[in-house]
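Participant:
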Amino acid sequence: MTIAARTAKPSQFLKGATGDWEVVIGLEVHAQVASNAKLFSGASTAFGGAPNDHVSLVDAAMPGMLPVINEECVAQAVRTGLGLEAQINLRSVFDRKNYFYPDLPQGYQISQYKSPIVGEGIVHLDMEGGETVEVGVERLHLEQDAGKSIHDLSPTSTYVDLNRSGVALMEIVSKPDMRSADEAKAYLSKLRTILRYLGTCDGDMDKGNMRADVNVSVRKPGGALGTRCEIKNVNSIRFVGQAIDYEARRQIGIIEDGGTIKQETRLFDPGKGETRSMRSKEEAHDYRYFPDPDLLPLEFGQDWVDALKAELPELPDAKKARFVSQYGVTPYDAMVLTLERASADFFEEVARGRDAKIAANWVINELFGRLNKEGKGIEASPVSAAQLGGIIDLILDGTISGKIAKDLFEIVWTEGGDPKELVESRGLKQVTDTGAIEAAVDAVIAANPDKVEQAKAKPTLAGWFVGQVMKQTGGKANPQAVNEILKAKLGLE
Amino acid sequence: MSVDRSTVVRVAHLARIRVAEEEVDKLQGELNSILGFVEQLSELDVSGVEPLTSVVPIAMKKRADVVTDGAIPKKVTQNAPQAEDDFFVVPKVVE
Chain B
12 MTIAARTAKP SQFLKGATGD WEVVIGLEVH AQVASNAKLF SGASTAFGGA
62 PNDHVSLVDA AMPGMLPVIN EECVAQAVRT GLGLEAQINL RSVFDRKNYF
112 YPDLPQGYQI SQYKSPIVGE GIVHLDMEGG ETVEVGVERL HLEQDAGKSI
162 HDLSPTSTYV DLNRSGVALM EIVSKPDMRS ADEAKAYLSK LRTILRYLGT
212 CDGDMDKGNM RADVNVSVRK PGGALGTRCE IKNVNSIRFV GQAIDYEARR
262 QIGIIEDGGT IKQETRLFDP GKGETRSMRS KEEAHDYRYF PDPDLLPLEF
312 GQDWVDALKA ELPELPDAKK ARFVSQYGVT PYDAMVLTLE RASADFFEEV
362 ARGRDAKIAA NWVINELFGR LNKEGKGIEA SPVSAAQLGG IIDLILDGTI
412 SGKIAKDLFE IVWTEGGDPK ELVESRGLKQ VTDTGAIEAA VDAVIAANPD
462 KVEQAKAKPT LAGWFVGQVM KQTGGKANPQ AVNEILKAKL GLE
Chain E
9 MSVDRSTVVR VAHLARIRVA EEEVDKLQGE LNSILGFVEQ LSELDVSGVE
59 PLTSVVPIAM KKRADVVTDG AIPKKVTQNA PQAEDDFFVV PKVVE
């Protein structure tokens, strides 16, 4: 998909004083490769170590140290490429990107410039309303992360910790195929889902192991591309959306006031919700890329790629399609269920041998709803798939009503236990004994003669009686039985 | 291709090498003579010839994904002009 080929839908246009504007967005995502050791050294990649504890002499760029590549990091990049339906390059080259900064001890970053390990690919976005948008991936390359500079420990000095120095990153560059903040957010979220399915990146944005540089420009719908600005290092999906909205408005304002956009690097300030220019450097960056003489070209065979491909897990798009066809759930529900691999597995365990739509309903509305409310992930769910399945079984065999099931869910959530035993021990069983229900109905009718008269004139009032009977029976009466008996006694049928 | 004085100064700055004003002329001459030699080489037609990356046909050595190094913060920082609590300490840099 080329830039010219796709113009946003009119509903995505931004209104300006001179008419409609279209936003054009491309993302460069830095995703930390999930690995034990660094890209070119044997030091740990674990998060949060003591200062300079996860640093080898290679990472500190001591003279004479040579990089040796971690094969697993290469495999992770290839897996990611396969997950993005991308071309895998059997030969790629590492280059030196030269610049000076205290947290870059080598004085250069080992990266891939002309020959990346992964070429063009594609990400399918599921937008609201069932629309699918395809975003092209330009390339994916492997590179080293830099160390961390800490500026607030001293008024006169900067403290440098090299624990991150040399950790493997995948830079995933999209084509400028996105046309709204929502599409950019959906892209980032989908990319994160794919990476997490593949197990190639933890996708934990709080820990900085996924961050995005956002390229934004505006143009008249379908017109020539505008000058772009790059917003660096945005570290949450929500902030990406805010940064784009602000930046697009800023650019439209400048152009409509007769100004021109200066190509520059900007920073997003989450506190103020705005982007601002990074203090402009004295000179444009001149990275003087050249092939790293310490490293041979990275080469592997198609058979190795095929072996990695054979071991890939089912990916989100395939799983979503299977959920729709196998379980008959809606595409939207399938998307929600497959956002995380663990959630999808949980659902499948609940749905096994049960009505899948009811299972989907309980997993999405009750369980996910509750987990979200408490900020918990599926792994930390107090209710297991077996327990939730047990609750659903009790509804389906008529032991408890849907309403009691929600109370039971609450008990299992807070106290744990076997749903079936809880129903027995707490007396939650649905009353299907017509004698008991009739007695309750009679009592309600006897106590409310005026309402009985009104109900005869206005049958919808029967609902009030159902409520009263349910109250009397502590919610345990079978609602259907109550309805039937009531209608008969009130002479409504 | 030849370099002028300002290019010499710029390249020196990019490489963070301090070059005194009176050294520039000499360096300009040296750089131009190196570039002249490279230009002479570029007279050869090498279209279709892959760049030589190694004189013997060997594949890049690879490592298993195992933590085998680290936990030596004192060694890492021992040559630093200034260090504190295992951090390197450098003059303040703010973007």
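Protein sequence lines correspond, in order, to chains B and E.
Using the numbering used here, read the first sequence as starting at 12 and increasing by one per residue.
Using the numbering used here, read the second sequence as starting at 9 and increasing by one per residue.
All C-beta atoms in this analysis are idealised placements derived from N, C-alpha and C, irrespective of residue type, glycine included.
1) With H, G and I counted as helix, E and B as strand and the rest as coil, what does DSSP make of B:C212?
2) Rounded to whole angstroms, what is the Cα-Cα separation between B:R107 and B:A57?
3) Between which two residues does the alpha helix (DSSP H) holding B:F420 run?
4) Give, in chain order, every residue of the stretch 306-336 of chain B whose Cβ lies closer than 7 angstroms to some Cβ of chain E.
5) By DSSP, does B:S288 sit in helix, in strand, or in coil?
6) For the beta strand (DSSP E) containing B:E4, name the first residue and the last one.
7) Quick check on DSSP: helix, strand or coil for B:Q123?
8) Any heavy atom of the ligand GTP within a distance shorter than 7 angstroms of the CB on B:D224?
9) Report the residues of the stretch 49-64 of chain E with a CB closer than 9 angstroms to any CB of chain B, ordered along the chain.
10) Kindly indicate if chain E contains any beta-carbon less than 8 angstroms away from that of B:G282.
11) Given this structure, state the Cα-to-Cα distance separating B:T91 from B:V335, to the nearest angstrom.
12) Please list, in chain order, the chain B residues whose beta carbon lies closer than 8 angstroms to that of E:V74.
13) For E:A67, would you say it is in contact with chain D, using Cβ-to-Cβ distances shorter than 8 angstroms as the test?
14) Please report the distance separating the alpha-carbon of B:D314 from that of B:K125.
15) Along chain E, which residues have their Cβ under 8 angstroms away from the Cβ of B:R299?
16) Spatial neighbours of E:Q90 within its chain, please: CB distance less than 7 angstroms, with the 5 preceding and 5 following residues excluded, ordered by chain position.
17) With a threshold of 16 other CB atoms inside 10 Å of the CB of B:L407, please say whether the residue is buried or exposed.
18) Does the Cβ-Cβ distance between B:A72 and B:H65 come in under 8 angstroms?
19) Taking 8 angstroms as the threshold (beta carbon to beta carbon), is B:Y338 in contact with chain E?
20) Between the beta-carbon of B:D172 and the beta-carbon of B:I183, is there less than 8 angstroms?
21) Would you call E:A67 buried or exposed, if buried means 16 or more other Cβ atoms sit within 10 Å of its Cβ?
22) Can you check whether the C-beta of B:V79 is within less than 8 angstroms of a C-beta belonging to chain E?
23) What did DSSP end up calling E:P99 once you bin it into helix, strand or coil?
24) So B:N47 and E:V74 are in contact, right, with Cβ under 8 angstroms, and what is the actual spacing, rounded?
25) Is it buried or exposed for E:N87, if we count other Cβ within 10 angstroms and need 16 for buried?
26) Could you check where the beta strand (DSSP E) with B:V229 kicks off and where it finishes?
27) From the DSSP output, read off the bridge partner residues of B:T143.
28) Contact criterion: CB-CB distance below 8 angstroms. Does E:P89 meet it with respect to chain B?
29) Does any residue of chain E have a CB that is nearer than 8 angstroms to the CB of B:V171?
30) Residues in the same chain with beta-carbon distance under 8 angstroms from B:I265, minus the five sequence neighbours each way, listed in chain order, please.
31) Within a Cβ cutoff of 7 angstroms, which residues of the same chain sit near E:P99, ignoring the five residues on either side of it in sequence?
32) Please identify, using Cβ separations under 9 angstroms, the residues of the stretch 55-72 of chain B that lie next to chain E, in order along the chain.
33) Buried or exposed for B:K26, please, with buried defined as at least 16 other CB atoms from any protein chain shown within 10 angstroms of its CB.
34) Can the beta-carbon of B:L405 be found closer than 8 angstroms to that of B:A416?
35) Looking at the structure shown, is B:F301 part of a helix, part of a strand, or coil, going by DSSP?
36) Look up B:G172 in the DSSP assignment and say whether it is helix, strand or coil.
Facilitator: In brief:
1) coil
2) 25 angstroms
3) Where B:F420 is concerned, the enclosing alpha helix (DSSP H) stretches over G413 to E426.
4) L306, L307, P308, L309 and E310
5) Residue state, collapsed to three classes: strand.
6) Residue 4 of chain B lies beyond the range of chain B shown here (12 to 504); nothing can be said about it.
7) Taken through DSSP and simplified to helix, strand or coil, B:Q123 comes out as coil.
8) As far as ligands go, the structure on display features none, and thus does not contain the ligand GTP.
9) P59, T61 and S62
10) No, its Cβ sits nowhere closer than 8 angstroms to a Cβ of chain E.
11) 25 angstroms
12) Residues of chain B passing the Cβ test: N47, A48 and G53.
13) Reference to chain D is not applicable here, since the protein chains of this structure are B and E.
14) Annotation: B:D314 to B:K125 spans about 24 angstroms, alpha carbon to alpha carbon.
15) In chain order: L22.
16) V97
17) exposed
18) no
19) no
20) The beta carbons of B:D172 and B:I183 sit no closer together than 8 angstroms.
21) The C-beta of E:A67 has fewer than 16 other C-beta atoms within 10 Å across all chains shown, which makes the residue exposed.
22) yes
23) It is a strand residue.
24) 6 angstroms
25) exposed
26) M221 to R230
27) B:D137
28) no
29) yes
30) Correct list, in chain order: T271 and I272.
31) Nothing meets the Cβ criterion.
32) Only those residues of the stretch 55-72 of chain B whose C-beta falls short of 9 angstroms from the nearest C-beta of chain E are listed: S55, T56, A57, G60, A61, P62, N63, D64, H65, V66, S67, L68, V69, D70 and A71.
33) exposed
34) yes
35) strand
36) Looking at the sequence itself, residue 172 of chain B is Asp, so the reference to Gly does not match. Note: B:D172 maps to strand in three-state DSSP.
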